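For reference, the structure discussed in these notes is given below.
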Amino acid sequence: MGKKIDIIIHAASQASPKYYGVEHQWANWKNKMKKIEKVKLIKLQIFGDARGSLVSLEQYKNIPFNIKRVYYIFDTKRDTPRGFHAHKTLEQVLICVNGACKIKVDDGKNVDIFNLFSPEQGLYIGNNIWREMFDFSQGCVLLVLASRYYDPKEYIKDYSEFLKSVRCNRKG
Ligand code: TYD
Numbered sequence: 022m023g024k025k026i027d028i029i030i031h032a033a034s035q036a037s038p039k040y041y042g043v044e045h046q047w048a049n050w051k052n053k054m055k056k057i058e059k060v061k062l063i064k065l066q067i068f069g070d071a072r073g074s075l076v077s078l079e080q081y082k083n084i085p086f087n088i089k090r091v092y093y094i095f096d097t098k099r100d101t102p103r104g105f106h107a108h109k110t111l112e113q114v115l116i117c118v119n120g121a122c123k124i125k126v127d128d129g130k131n132v133d134i135f136n137l138f139s140p141e142q143g144l145y146i147g148n149n150i151w152r153e154m155f156d157f158s159q160g161c162v163l164l165v166l167a168s169r170y171y172d173p174k175e176y177i178k179d180y181s182e183f184l185k186s187v188r189c190n191r192k193g
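FYI, the numbering for the sequence shown is 22 to 193, going by the working numbering.
Written as C-alpha cells, this is what we have:
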C-alpha cells in the first residue's frame, strides 16, 4: 500500500472540488468523506530504465483476485461522468494508464474520492460499492481488471436500490 501516494491523492482530490459543475454536491459529500474499508489504493511497482517504464499485473500477486476480464475506457469527456452503479459480487482494480480522472466511491454510509493520475496507482474496489468516474483529462485511458465475466444482471444501477441492499447486508 503506497501511503505517500494515498496522502497525495486525498490532498489533491480535496483541493479540486469539481464535479461536472454541481458544486453543492461537494458540500454534501464533505460531511461523509471517510476512508472506505473495501476500497484501497495499491502501489504498483514500475520497472523503469533508459528505455521507458513497465508495470506488470498478476493475479493474487499485485491484483487480489482471479482476473476474468480486462477492459479499458477511453475517448471520454471531462464533463461527462460515467459509472453510477455498484456490483453485487464483482471486484475490480482501476488503473489510469494515461491522463487522469477521479473516482467517487460510496459504501452507502461514507464517500471517498480518489484522484488517479499515474499508472503506478491501482484502485481496488470491492463488491457493493457505488462508483462514479468523472473529471477525465484529455487522453485519459482507464484500464479495468475485473474478477468476473460481464454480466448485466450483476449490476445495481439504481442508487436507492443500492442503499437498500447495503443496509440489508449490514443487518444480515
Ligand atoms: P457501462 O457499464 O455503461 O460503462 P461504465 O463502466 O462507464 O458504467 O458499459 C458501456 C457499454 O459497454 C454497455 O452497453 C455494456 C457494454 N459492456 C460490455 O459489453 N462488456 C463489459 O465488460 C462492460 C464493462 C461493458
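C-beta: ideal position from N, C-alpha, C; glycine also.
Please read these numbers as outputs of a predicted model, since none were measured by experiment.
- In the three-state reduction of the DSSP assignment, Leu137 falls in the strand class, which pools E and B.
- The three-state reading of DSSP puts Tyr180 in helix, counting H, G and I together.
- The beta-carbon separation of Ile124 and Gly143, rounded to 12 angstroms, does not stay under the 8 angstroms limit for a contact.
- The nearest non-hydrogen atom of the ligand TYD is less than 7 angstroms from the C-beta of His106.
- For Ile63, the enclosing beta strand (DSSP E) begins and ends at 60-64.
- When only Cα atoms are considered, Gly160 and Met154 end up about 15 angstroms apart.
- If the five residues before and after Ile94 are omitted, its C-beta is found closer than 6 angstroms to the C-beta atoms of Leu163, all from its own chain and listed in chain order.
- Residue environment: Arg72 is assigned as exposed (fewer than 16 neighbouring CB atoms within 10 Å of its CB, all protein chains considered).
- In this chain, Gly147 is not harboured by any beta strand (DSSP E), its DSSP state being neither H nor E.
- Closest by C-alpha distance to Met54, out of Phe135, Asn190, Val165, Asn149, is Phe135.
- In this structure, DSSP gives Glu79 a state outside helix and strand, which the three-state scheme calls coil.
- The continuous stretches of beta strand (DSSP E) do not include Ile84, and DSSP gives it neither H nor E.
- With 16 or more other CB atoms across the displayed protein chains lying within 10 angstroms of its CB, Pro102 is buried.
- One thing to note: Asn149 has its Cβ within 8 angstroms of the Cβ of Ser186.
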